[in-house]
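The block underneath contains the structure these notes are about, expressed in structure tokens.
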DNA sequence: AGACGCTCCTGCATGC
DNA sequence: TGCATGCAGGAGCGTC
């Protein structure tokens with residue numbers, strides 16, 4: 017499952033291999049992959065044709081390519097005589113969410129037309145230099161969208177409720193997503209305060225992308241284990257230092273995973289390094305039920321709540337008392 | 001507003 | 001052997 021480290025690895029791959037190129041044409045497999053794109057697949061295809069890729073940007077688990085009109089000539093390639101004017105792509109981004117199984121594959125083949133279509137191909141971008149970017153998604157939770165860029169409210173230091181506050185602009189669909197835990201401008205103290213206002217459990221809050229983004233089920237479990245905090249503990253009344261420790265451990269484990277993810281992609285393959293990738297050797301609790309805790313050797317347990325699984329060491333992570341008050 | 005259950009989807013593991 | 005069932009999960013959405 018791609019979480020922040022995996023998506024950042026993808027972003028770096030896009031930056032290295034896609035930024036600076038110009039899209040000749042795009043083919044979007046079906047309505048589902050384009051379900052979040054205004055106007056649907058056709059509009060997406062029309063808008064992308066001729067667009068220049070200016071940058072690869074990420075927030076949390078969202079990654080996008082900022083686009084610019086490839087100066088002058090509209091209808092750069094033969095998408096046929098488009099009856100509608102091509103959408104203005106200048107203030108837009110091509111947004112990707114990888115969902116559970118999305119992959120972006122960069123192909124250098126000089127003749128894209130002859131490339132075999134991978135199973136579960138959701139979209140294919142062909143560049144003017146002959147290369148190809150494939151979006152492959154087995155479980156179809158992922159999507160791509162042509163989305164207008166909107167300014168983000170920048171709270172800066174002291175801005176309180178300002179969950180957002182990233183770079184100057186983000187795709188409209190990302191506007192409500194908070195800065196992620198590896199964002200250098202993240203205000204950790206303010207985040208701790210926001211967490212402690214929530215009337216829910218620490219794990220639910222960790223997974224809430226409007227509080228802090230990038231953490232998914234795997235790294236949430238790992239962070240809580242490292243911090244020795246039970247996932248079902250209520251935030252209300254939790255010591256600020258404890259909340260802070262959890263957030264710091266989450267950042268730490270994602271940073272470590274990123275180092276490993278970053279080494280695992282080569283020139284032509286933008287890797288999605290999920291649980292089945294390299295970092296799984298380093299997982300202490302996720303998917304380790306029945307195995308000994310690396311710290312104390314108690315058996316790792318798997319809990320289910322909110323229709324999701326959590327993995328804990330029953331000795332290191334003390335369960336909350338069954339009836340608070 | 002915030003909290004939370006439900007839903008989308010496919011491949012694989014498990015069970016009978 | 002073959003079919004049915006369950007499970008995995010991000011995040012939008014509806015409901016209270």
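In my numbering, the protein residues as written are 17 to 341. We treat Cβ as the ideally placed atom computed from N, Cα and C, and that holds for glycine.
Measure the alpha-carbon distance for residue i versus residue j and round it to whole angstroms.
i           : j           : result
residue 185 : residue 308 : 46 Å
residue 215 : residue 36  : 46 Å
residue 342 : residue 20  : Since the first residue of the chain shown is 17 and the last is 341, residue 342 is not available in this structure.
residue 154 : residue 51  : 16 Å
residue 329 : residue 258 : 17 Å
residue 324 : residue 220 : 10 Å
residue 73  : residue 246 : 34 Å
residue 57  : residue 207 : 38 Å
residue 187 : residue 111 : 7 Å
residue 123 : residue 33  : 9 Å
residue 54  : residue 190 : 15 Å
residue 158 : residue 272 : 25 Å
residue 226 : residue 332 : 29 Å
residue 200 : residue 326 : 29 Å
residue 241 : residue 161 : 36 Å
residue 67  : residue 217 : 44 Å
residue 270 : residue 298 : 11 Å
residue 76  : residue 114 : 12 Å
residue 31  : residue 334 : 43 Å
residue 311 : residue 204 : 27 Å
residue 288 : residue 156 : Confidence at residue 288 is low in this model, with a pLDDT of 47, below 50, so its placement is unreliable and no value can be given for it.
residue 44  : residue 118 : 14 Å
residue 84  : residue 63  : 11 Å
residue 202 : residue 40  : 38 Å
residue 254 : residue 211 : 10 Å
With a Cβ-Cβ cutoff of 7 Å, do residue i and residue j count as a contact?
i           : j           : result
residue 148 : residue 131 : yes
residue 265 : residue 336 : no
residue 61  : residue 277 : no
residue 138 : residue 65  : no
residue 107 : residue 164 : yes
residue 109 : residue 144 : no
residue 86  : residue 38  : yes
residue 150 : residue 140 : yes
residue 306 : residue 315 : yes
residue 27  : residue 69  : no
residue 236 : residue 222 : yes
Is DSSP giving residue i helix, strand or coil here?
i           : result
residue 28  : helix
residue 336 : coil
residue 275 : helix
residue 82  : strand
residue 56  : helix
residue 259 : helix
residue 211 : helix
residue 193 : coil
residue 63  : helix
residue 21  : helix
residue 185 : strand
residue 70  : strand
residue 160 : strand
residue 301 : coil
residue 34  : coil
residue 240 : helix
residue 234 : helix
residue 222 : helix
residue 265 : helix
residue 11  : The structure shown does not extend to residue 11, since the chain is modelled only from 17 through 341, so no value can be given for it.
residue 206 : helix
Are there 16 or more other CB atoms within 10 angstroms of the CB of residue i, so buried, or fewer, so exposed?
i           : result
residue 25  : buried
residue 46  : exposed
residue 238 : buried
residue 133 : exposed
residue 142 : buried
residue 243 : buried
residue 104 : exposed
residue 168 : buried
residue 262 : buried
residue 192 : exposed
residue 166 : exposed
residue 267 : buried
residue 209 : exposed
residue 120 : buried
residue 275 : exposed
residue 42  : buried
- How do the segment 226-233 and the segment 192-204 stand: do at least 3 beta-carbon pairs fall below 8 Å, yes or no? yes
Q) Does the segment 313-325 come close enough to the segment 250-260 that 3 or more CB-CB pairs lie under 8 Å? A) no
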